[in-house]
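Asks: Take the sequence shown: its position 80, counted from the start at 1, is 80 in the numbering used here, and no numbers get skipped.
Have a look at this one.
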Amino acid sequence: MLGDGVAVIPTAMEKARNSDAHFPFRYDSYFWYLTGFNEPEAALVLVGGDKPQSILFCRDKDETREIWDGFRYGPDGAKQRFGFDTAYSISELDTKLPELIANRATVWHSLGHDASWDARISAALNAVRAQTRSGKHAPNQIHDLRAPLDAMRLIKDSHEMATMKRAADISSAAHAQAMRSCQVGLHEYALEAELSYAFRKSGADAHAYTPIVAGGSNACVLHYVANNQMLQDGTLVLIDAGCEVEGYASDITRTFPVNGRFSSAQRDVYEIVLAAQSAAFKAIKPGNTFIAPHEAALKTLTQGMVDLGLLKGDVDGLIESEAYKPFFMHRTGHWIGLDVHDVGEYKEGEDWVKLRPGMALTVEPGMYIRPADDIPEHLHGIGIRIEDDVLVTEQGCYVYSSAPKTVAEIEAVMNS
Ligand code: GLY
Ligand code: MN
Ligand code: MN
Numbered sequence: 001m002l003g004d005g006v007a008v009i010p011t012a013m014e015k016a017r018n019s020d021a022h023f024p025f026r027y028d029s030y031f032w033y034l035t036g037f038n039e040p041e042a043a044l045v046l047v048g049g050d051k052p053q054s055i056l057f058c059r060d061k062d063e064t065r066e067i068w069d070g071f072r073y074g075p076d077g078a079k080q081r082f083g084f085d086t087a088y089s090i091s092e093l094d095t096k097l098p099e100l101i102a103n104r105a106t107v108w109h110s111l112g113h114d115a116s117w118d119a120r121i122s123a124a125l126n127a128v129r130a131q132t133r134s135g136k137h138a139p140n141q142i143h144d145l146r147a148p149l150d151a152m153r154l155i156k157d158s159h160e161m162a163t164m165k166r167a168a169d170i171s172s173a174a175h176a177q178a179m180r181s182c183q184v185g186l187h188e189y190a191l192e193a194e195l196s197y198a199f200r201k202s203g204a205d206a207h208a209y210t211p212i213v214a215g216g217s218n219a220c221v222l223h224y225v226a227n228n229q230m231l232q233d234g235t236l237v238l239i240d241a242g243c244e245v246e247g248y249a250s251d252i253t254r255t256f257p258v259n260g261r262f263s264s265a266q267r268d269v270y271e272i273v274l275a276a277q278s279a280a281f282k283a284i285k286p287g288n289t290f291i292a293p294h295e296a297a298l299k300t301l302t303q304g305m306v307d308l309g310l311l312k313g314d315v316d317g318l319i320e321s322e323a324y325k326p327f328f329m330h331r332t333g334h335w336i337g338l339d340v341h342d343v344g345e346y347k348e349g350e351d352w353v354k355l356r357p358g359m360a361l362t363v364e365p366g367m368y369i370r371p372a373d374d375i376p377e378h379l380h381g382i383g384i385r386i387e388d389d390v391l392v393t394e395q396g397c398y399v400y401s402s403a404p405k406t407v408a409e410i411e412a413v414m415n416s
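Here's what the structure looks like:
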C-alpha cells in the first residue's frame, strides 16, 4: 500500500482541562490500531519500498517524570516489547523525519487532522527541499493515510471481534444492573453511577462516549447528557451508555419503566420500536446495503406511528414525504469499532456500501413523542430507543449485546 512512500501516524495530544489538570489521555485510534502502544507523545513512522520498516518515536525513560506520572517504556523498551524494527526518542523526530522522507515519492499523512502535525510535516518537507543542491529531492505527493486505514478498520478481525464482544458483555451487564437498581425518586446520575461502577469493576477502560440517562421526556432530547433530574413514577428512563475495552466501543440503549412496570401506552410504543429493531436485524446480511436495516426499521416505525394515531395516511407515502421525522429523526445505525461512530465509508459513489462479513454496526431505532396539542395525551413525553451492536456474519448478523430487552425480560429483571 505504501509503495515507496513513508507514512507518519502520530498519537493524540494530551489535552489540558484546566490549570494543571488534563483530560484522561485517549490515544489516537489509527495509531492504536497499528501499534497497541498507549503512551502520549508518540508517533509511528512506516517506511515502504524494498526495505520496509516500522519506527516508533516515543518519550525517553525519565526517572523523575516516572516518579510523578508513572512508567514509560522508552525507545529501547518499546522496541523490545512491541516489536518495532527501530525506535527513537520523540525529541529526534524533527531531525530524523527529513532523512526518512528524502528521495521518496510520497508522504502518507492525515492532512488537516491536526494543525501542529501538518506544520511538522511541512517543516520536514522544507528541510529536504533545502538540500536540493546536494542531490536530495522531497516527496511531491502527500496522500491521506485515513482512506486505506478506514477500509481496513471497517472489517474486524477475530481479535477485534472478541474485544468488541467483551465490551458488549460488560455494557450489557451494566444496563441490567441499572435496571435492577432503578427506583422512583432516584436521580438520573444515580443510574449513571451504576453504569460507571459496573464498567470499571469489570475492567473496562472508560465510557466510550458521554452516557445519556434520560428520565421521562428528557429521552426526546437525543443528546441529553445533563443526567441530573429526578426519576418520576409512571415514566420511562432511556439509558444510552457503553464502555470501551482496549479501545473498542460498545454502544447500547435500553429504555425501561422507572417503577418496573410498563403502562399500556408505553408498552404499545415499546413493542413497535422492538419490532422495528427485529425487522432491521433481518435486513442485515452480506450483499444487502448499509441502508437496508434503516429502511426496514423505518417501515415498521412508520406503520406504528399510524397505528398509534400519530400519523394518517399510506405508509410508503409517509416515508416518501418524511412525515415520520418529528418522531424518528436519526439513522438506524452507524459503524462501530475503535470509535463509537467508527470510520469507514457509507457510500461508494452514489450507492450505499454493501454489507460484508466482519463489518460491525449499531441497530438503534427509536420513537420520540414530544408533548404537543395534536398528539394524543397518553403518548406525551414517551421517548424510546433500543440499540444493540451487531457483527455482519456469512449468514446474517450476530448480536453482540444481550441486556434485557423484551417487556417480559425487563419487568422480570426489575422485579426480581
Ligand atoms: N451513543 C451514540 C449513538 O447512539 O450513536
Ligand atoms: Mn449509536
Ligand atoms: Mn448510543
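Heads up, the beta-carbon is just placed ideally off N, CA and C, and yes, glycines get one too.
By Cβ distance below 6 Å, which residues in the same chain neighbour S402 in space, the five residues on each side in sequence not counted?
Replies: As a first step, residue 402 must be located in the sequence shown, where it is residue number 402. Cβ neighbours of S402 beyond the five flanking positions: S172.
Asks: Can you determine whether any heavy atom of ligand 2 sits closer than 7 Å to the C-beta of T302, and answer yes or no?
Replies: Position 302 of the sequence shown, counted from the first residue, corresponds to residue 302. T302: no, Cβ never under 7 Å from ligand 2.
Asks: Look up C220 in the DSSP assignment and say whether it is helix, strand or coil.
Replies: To locate residue 220, count along the sequence shown from 1; it is residue 220. C220 falls in the helix class under three-state DSSP.
Asks: For the alpha helix (DSSP H) containing F82, list its first residue and its last residue.
Replies: Reading the sequence shown from its first residue, position 82 is the one you call residue 82. Start and end: G74 to F82.
Asks: With hydrogens ignored, establish whether the beta-carbon of D251 is closer than 7 Å to any heavy atom of ligand 3.
Replies: Taking the first residue of the sequence shown as 1, we reach residue 251 at position 251. Checking the Cβ of D251 against ligand 3 gives yes.
Asks: Let me know if R254 comes out buried or exposed under the rule of 16 or more other beta-carbons within 10 Å of its beta-carbon.
Replies: In the sequence shown, counting from the first residue as 1, residue 254 sits at position 254. Answer is buried; the Cβ neighbour count reaches 16.
Asks: Output yes or no for whether 8 Å exceeds the beta carbon distance between H294 and G349.
Replies: Here residue 294 refers to the residue found at position 294 of the sequence shown. Here residue 349 refers to the residue found at position 349 of the sequence shown. No, the Cβ-Cβ distance between H294 and G349 is not below 8 Å.
Asks: Thinking D205 and E387 are a contact (beta carbons under 8 Å), I'd like their distance in whole angstroms, please.
Replies: On the sequence shown, residue 205 is found 205 positions in, with the first residue counted as 1. On the sequence shown, residue 387 is found 387 positions in, with the first residue counted as 1. At roughly 20 Å, the Cβ-Cβ gap does not stay under 8 Å, so D205 and E387 are not in contact.
Asks: Starting from the N-terminal side, write out each stretch of the beta strand (DSSP E) that is 3 residues or longer and does not extend beyond the region 131 to 163.
Replies: Correct list: 141 to 143.
Asks: Are the Cβ atoms of P211 and D240 separated by less than 8 Å?
Replies: As a position in the sequence shown, residue 211 is number 211, starting the count at 1. As a position in the sequence shown, residue 240 is number 240, starting the count at 1. A contact, by the Cβ cut-off of 8 Å.
Asks: Does ligand 3 have even one heavy atom less than 7 Å from the beta-carbon of D240?
Replies: Here residue 240 refers to the residue found at position 240 of the sequence shown. At least one heavy atom of ligand 3 is nearer than 7 Å to the Cβ of D240, so yes.
Asks: Is V340 near ligand 1 - that is, is its Cβ less than 7 Å away from at least one heavy atom of it?
Replies: What you label residue 340 is simply residue 340 of the sequence shown in a count that begins at 1. Flag set: Cβ of V340 near ligand 1.
Asks: Note down the Cα distance separating F290 from Y398, rounded to an integer number of angstroms.
Replies: To locate residue 290, count along the sequence shown from 1; it is residue 290. To locate residue 398, count along the sequence shown from 1; it is residue 398. Roughly 15 Å separates the two Cα atoms.
Asks: From which residue to which residue does the beta strand (DSSP E) around A115 run?
Replies: In the sequence shown, the residue the question calls residue 115 occupies position 115. Not the beta strand (DSSP E): A115 falls in the alpha helix (DSSP H), residues A115 to R129.
Asks: Given a threshold of 16 other Cβ atoms within 10 Å of its Cβ, counted over all protein chains shown, does Q303 qualify as buried or as exposed?
Replies: Taking the first residue of the sequence shown as position 1, residue 303 is located at position 303. Buried is the call here.
Asks: Does the region 128 to 138 touch the region 87 to 106, meaning 3 or more C-beta pairs lie closer than 8 Å?
Replies: Output reads yes: the region 128 to 138 touches the region 87 to 106.
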